[in-house]
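Throughout the sequence shown, residue numbering follows the UniProt record's numbering, covering 1 to 183 in sequence. Structure, as structure tokens:
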Amino acid sequence: MKRLTLAVTGSISAYKAAELVSQLGKLDYEVTVLMTKSATAFITPLTLQVLSKNQVHLDVMEEPQVDKVNHIELAKQTDLFLVAPASANTIAKLAHGLADDIVSCVALALPADTPKLIAPAMNTQMYQNPITQSNLATLTQYGYEEILPREALLACGDFGRGALADLSLIIETIEETLNAITQ
1 MKRLTLAVTG SISAYKAAEL VSQLGKLDYE VTVLMTKSAT AFITPLTLQV LSKNQVHLDV
61 MEEPQVDKVN HIELAKQTDL FLVAPASANT IAKLAHGLAD DIVSCVALAL PADTPKLIAP
121 AMNTQMYQNP ITQSNLATLT QYGYEEILPR EALLACGDFG RGALADLSLI IETIEETLNA
181 ITQ
């Protein structure tokens, strides 16, 4: 069974994480969920815990096992790291090596050969901002593969690129990525 780590960040699209976790479970993936504080404003950790059948990790300072450093263990125990939805804030943190929450700490502790996917979701202007685009380019250089957001009517009322990619595309990318490393 392949072990996926899903990092959910502060975007209105965070509610889609419930369906993503559910679908991944049906495909026999073991899913561990990490959430930023902002993500918990959009969806409850309990929802993702029930669907994943695993503890949801919220706080980098929480150490459930006294003999192990939690964020290091989580990084070691994943076959694929996915940030979906990825907010502009988290993208910036990851691109610059900041490590002040569970998502960024686990990301920084990942072994170099762990596949990393990132699915941005934000307002069009935020996504197209040269700073965000530069941060995404930096992440690509560090081995992240971007799953492009869709063009759609966004929650804010704007139309443009910024909606989370379709879950079917995210799952297809996960499967292609994992198949490529097992061949």
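Idealized CB from N, CA, C, for every residue including glycine.
Item to check | C-beta contact flag for valine 8 and alanine 39 at 8 Å | outcome: yes
Item to check | Stretch-stretch touch, CB-based, cutoff 8 Å, three pairs: the segment 79–89 with the segment 47–57 | outcome: no
Checklist entry - What distance in whole Å lies between the Cβ atoms of alanine 121 and glycine 162, which are believed to be in contact at a cut-off of 8 Å? => result 7 Å
Checklist entry - Do you know whose CA, among Asp113, Leu82, Thr140, lies nearest serine 104's CA? => result Answer by Cα proximity: Leu82.
Item to check | Cα-Cα separation, cysteine 156 to aspartate 67 | outcome: 45 Å
Checklist entry - Name the DSSP bridge partner or partners of aspartate 82? => result First, the amino acid is wrong: residue 82 is leucine here, not aspartate. Paired residue(s): Leu6, Leu117.
Item to check | Whole-angstrom C-beta distance between alanine 165 and alanine 119, which should lie under 8 Å | outcome: 5 Å
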